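In terms of my numbering, the first sequence opens at residue 4 and continues consecutively. Using N, Cα and C, we set each Cβ at its ideal position, and we do this for glycine too. Bear in mind the structure is a predicted one, so any value in this text is a computation, not a measurement. Beneath this line is the structure, given in structure tokens, with notes to follow.
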Amino acid sequence: MKINGVKGMNDILPAQVGRWQEIERVARDVFALHGYREVRTPVVEPYALYARGVGEATDIVNKEMYVFEDKGEEKLALRPEGTAGTVRAFIEHGAYVEGPQKWFYVGPMFRRERPQKGRYRQFHQLGVEAFGIAEPAIDVEQIAMVAELFRRLSVTASLQVNSVGDAACRPAYLEELRAWLRAHGGALCSDCRERTERNPLRVLDCKVPTCQPVLAEAPGLLERLCDGCRTHFDAVRQGLEDLGVPYRVNPRLVRGLDYYVRTAYEFTSDALGSQSAVVGGGRYDGLVETLGGPPTPGIGFGMGEERLALILEAAGRPVAENRPEVFLISADDVGRREVLRRAAALRRAGIACDLDARGGKLARQFKQAERVGARFAIVLGAAEAASGQAKLKDMATREETPVVLADLAGRLRPAAGA
RNA sequence: GUGAGUGUAGCUCAAUCGGUAGAGCACUGGACUGUGGAUCCGGGGGUCGUGGGUUCGAACCCCAUCACUCACCCCA
């Protein structure tokens, strides 16, 4: 009986994993350059963390989360996003006493949705959270950090920013919007009428053609921001302009999680099909308090690693592979012992090398050398062991040059990072 | 949760009117007794997604079912 992987949960095979490693390496570098430090939190958290943090009414919590009872003791959930768990850890360990904190995380998230291009049940996010800074400067720095990360990866994505208001101005706006939508319900699609009650901001995003002209007349939040939100938003925009980060204001941009206030932003790419967002972020000034910590402002983003990989793939970027510098080929029984000894010595010197442990015909071993992408090959047997000399063959040019075996390590290039 | 499309070798795909399954790549062996990529010759590999139905006969037609893909919804 063949057993297949779980729907929407994918294997990342060796031929592709270089893409993930490259993304993570570049991201770690960029995060570190901006003062972010890594945090690792569990993949499982109490269900209540998400119910309270992300919001009971959100799709993520009420229909997409993997929830289970731990032997009847506690209701747990596989994390559907990274912010809630990070905030939990921030509070639990009293990190707020040490002033502003900038953290990042990398890892799998789980949502039980119907899979499609760029959307999976297990997916990977790189995310950052900055705690304790209410000033718009951190919003700007964080957004610019994403831009720098994309620049280093040669990824083009477009930035949209918005302000979703805060406790001072959003509730009043939502009521005004809801009342307006109810009054115009007759002209709207059934989805919109339903969303009017559940999530009125989403209505503005409706893609049904007949709704668009109606919604164009709807009241806009940006014109109704309170002074604090307006000042903040203006400063974010000014900061982006100062840094030369191109952006577009999208008053329809809404984040799906309840905790967002003020700044909301998204980086999108047209290489992704329908799920076009590769980064989604925003400010969550009330979340730490909601989860039992002291009032602490925060802002962060989540970046979809699969989506980033899709963009790189669509751009035709090759996958970086780790290749051995040299492949040791055995010509006879003496050679079979010799290659193991020489390989051990080379590896101690930091030189990546490989051999065909099956031994066998030279032709087969050369084929294996080619398959693993070795830059050089060297044949070792009784003759080489006796003379201490061998021929180092360049696999690309097929040229052979004599080498003294004792000097072999010096002739080859140490592996990166060795 | 809803809709559409697609399921044939490890991968990408053919198979005319319904006549009992093929190619390329990959793998493997040989041509080539100390040398890989090219060329040539050979070999292994199939429950035609699964179950049922129609038919003398089904990869092909019908029904059901499962899986995958894309889209809606929502989002990274």
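**Request:** Verify the contact flag: S390, CB atom, against every heavy atom of the ligand SAM, threshold strictly below 8 Å.
**Result:** In the structure on display, the ligand SAM does not appear, and there are no ligands present to speak of.
**Prompt:** Are the beta-carbon atoms belonging to V143 and A30 less than 9 Å from one another?
**Reply:** Numbered from its first residue, the first sequence carries residue 143 at position 140. Numbered from its first residue, the first sequence carries residue 30 at position 27. Contact flag unset, no.
**Request:** Measure the Cβ-Cβ separation of F270 and Q128 and say whether it is below 9 Å.
**Result:** Stepping through the first sequence from its first residue, residue 270 is reached at position 267. Stepping through the first sequence from its first residue, residue 128 is reached at position 125. No, the Cβ-Cβ distance between F270 and Q128 is not below 9 Å.
**Counted within 10 angstroms of its Cβ, other Cβ atoms place K74 as buried (16 or more) or exposed** = Working through the first sequence from its first residue, we reach residue 74 at position 71. Looking at its Cβ environment, which holds fewer than 16 other Cβ atoms inside 10 Å, K74 is exposed.
**Prompt:** Can you tell which of N7, A147, R22 and I63 has its C-alpha closest to the C-alpha of F34?
**Reply:** Numbered from its first residue, the first sequence carries residue 34 at position 31. Comparing Cα positions, the closest option is A147.
**Message:** Determine whether the beta carbon atoms of V90 and L290 lie at a separation below 9 Å.
**Reply:** By 1-based counting over the first sequence, the position of residue 90 is 87. By 1-based counting over the first sequence, the position of residue 290 is 287. Yes, Cβ-Cβ distance for V90 and L290 is below 9 Å.
**Request:** Report yes if the C-beta distance between P300 and A190 is below 9 Å; otherwise report no.
**Result:** Position 297 of the first sequence, counting from 1, holds the residue named residue 300. Position 187 of the first sequence, counting from 1, holds the residue named residue 190. No, the pair does not count as a contact, with Cβ atoms beyond the cut-off.
**Asked** Can the beta-carbon of Q104 be found closer than 9 Å to that of R40?
**Response** Position 101 of the first sequence holds residue 104. Position 37 of the first sequence holds residue 40. Closer than 9 Å, so yes.
**Prompt:** Are A150 and I141 closer than 9 Å when you measure CB to CB?
**Reply:** By one-based count along the first sequence, residue 150 stands at place 147. By one-based count along the first sequence, residue 141 stands at place 138. The answer is no: Cβ separation not under 9 Å.
**Prompt:** Where does the unbroken alpha helix (DSSP H) through T293 begin, and where does it stop?
**Reply:** Residue mapping note: residue 293 aligns to position 290 of the first sequence, counting from 1. L290 to T293 is the span of the alpha helix (DSSP H), which, as asked, contains T293.
**Asked** With 16 as the cutoff for other CB atoms within 10 Å, does T400 come out buried or exposed?
**Response** Residue numbering aside, residue 400 sits at position 397 when the first sequence is read from its first letter. T400 should be labelled exposed.
**Prompt:** Hey, how far is the Cα of A421 from the Cα of G353?
**Reply:** Position 418 of the first sequence holds residue 421. Position 350 of the first sequence holds residue 353. Residue placement at A421 is flagged as unreliable, the pLDDT there being 49, under the threshold of 50; a coordinate-derived value is accordingly withheld.
**Request:** Output the distance between the C-alpha atoms of E373 and L79, rounded to the nearest integer angstrom.
**Result:** If you number the first sequence from 1, residue 373 lands on position 370. If you number the first sequence from 1, residue 79 lands on position 76. C-alpha separation (whole angstroms): 49 Å.
**Item:** C-alpha gap between D261 and D194, whole angstroms
**Value:** Along the first sequence, read from residue 1 onward, the residue named residue 261 stands at position 258. Along the first sequence, read from residue 1 onward, the residue named residue 194 stands at position 191. Cα-Cα distance, rounded: 20 Å.
**Message:** Measuring only the C-alpha atoms, how far is F126 from N165?
**Reply:** One-based indexing of the first sequence puts residue 126 at position 123. One-based indexing of the first sequence puts residue 165 at position 162. Answer to the nearest angstrom: the Cα atoms are 26 Å apart.
**Request:** Could you tell me which residues DSSP pairs with S161 in its beta bridges?
**Result:** Looking up residue 161 in the first sequence gives position 158. Answer is T271, bridged to S161.
**Request:** Report yes if the C-beta distance between F93 and Y99 is below 9 Å; otherwise report no.
**Result:** Position 90 of the first sequence, counting from 1, holds the residue named residue 93. Position 96 of the first sequence, counting from 1, holds the residue named residue 99. Taking 9 Å as the Cβ cut-off, F93 and Y99 qualify as a contacting pair.
**Request:** Give the secondary structure of T86 by DSSP, where H, G and I count as helix, E and B as strand, and everything else as coil.
**Result:** What you label residue 86 is simply residue 83 of the first sequence in a count that begins at 1. Reduced to three states, the DSSP call for T86 is helix.
**Asked** With C-beta atoms as the reference, is A219 less than 9 Å away from I26?
**Response** By one-based count along the first sequence, residue 219 stands at place 216. By one-based count along the first sequence, residue 26 stands at place 23. No, the Cβ-Cβ distance between A219 and I26 is not below 9 Å.
**Request:** Please state whether DSSP places I15 in a helix, a strand or coil.
**Result:** Translated into the one-based positions of the first sequence, residue 15 becomes position 12. Note: I15 maps to coil in three-state DSSP.
**the region 178-189 touching the region 270-282, judged by at least three CB pairs closer than 8 Å** = no
**Request:** Over the uninterrupted beta strand (DSSP E) stretch that includes M112, give me the two end residues.
**Result:** The sequence position of residue 112 within the first sequence is 109, counting from 1. Counting along the chain, the beta strand (DSSP E) containing M112 begins and ends at Q104 to F113.
**Message:** Could you pull the DSSP bridge partners for E144 from this structure?
**Reply:** Working through the first sequence from its first residue, we reach residue 144 at position 141. In DSSP, E144 forms no bridge with anything.
**Request:** Over the uninterrupted alpha helix (DSSP H) stretch that includes S390, give me the two end residues.
**Result:** Mapped onto the first sequence, residue 390 falls at position 387. Counting along the chain, the alpha helix (DSSP H) containing S390 begins and ends at A385 to S390.
**Request:** With a 10 Å radius around its C-beta and 16 neighbouring C-beta atoms as the bar for buried, classify V282 as buried or exposed.
**Result:** Walking along the first sequence from the start, residue 282 turns up at place 279. Flag for V282 reads buried.
**Where R286 sits in the DSSP three-state scheme** = As a working mapping, residue 286 is identified with position 283 in the first sequence. Correct three-state label for R286: strand.
**Asked** Between which two residues does the beta strand (DSSP E) containing H127 stretch?
**Response** Position 124 of the first sequence, counted from the start, is the residue given in the question as residue 127. First-last of the beta strand (DSSP E) with H127: Q125 to F134.
**Prompt:** Can you list, in chain order, the stretches of the alpha helix (DSSP H) that have 4 or more residues and sit fully within the region 287-363?
**Reply:** 290-293, 308-317 and 336-351
**Request:** Could you please give the first and the last residue of the uninterrupted alpha helix (DSSP H) stretch that includes A186?
**Result:** To locate residue 186, count along the first sequence from 1; it is residue 183. A186 -> alpha helix (DSSP H) spans R173 to A186.
**Message:** Whole angstroms are fine: how far does the CA of C172 sit from the CA of A18?
**Reply:** To locate residue 18, count along the first sequence from 1; it is residue 15. To locate residue 172, count along the first sequence from 1; it is residue 169. A18 and C172: Cα-Cα distance of roughly 51 Å.
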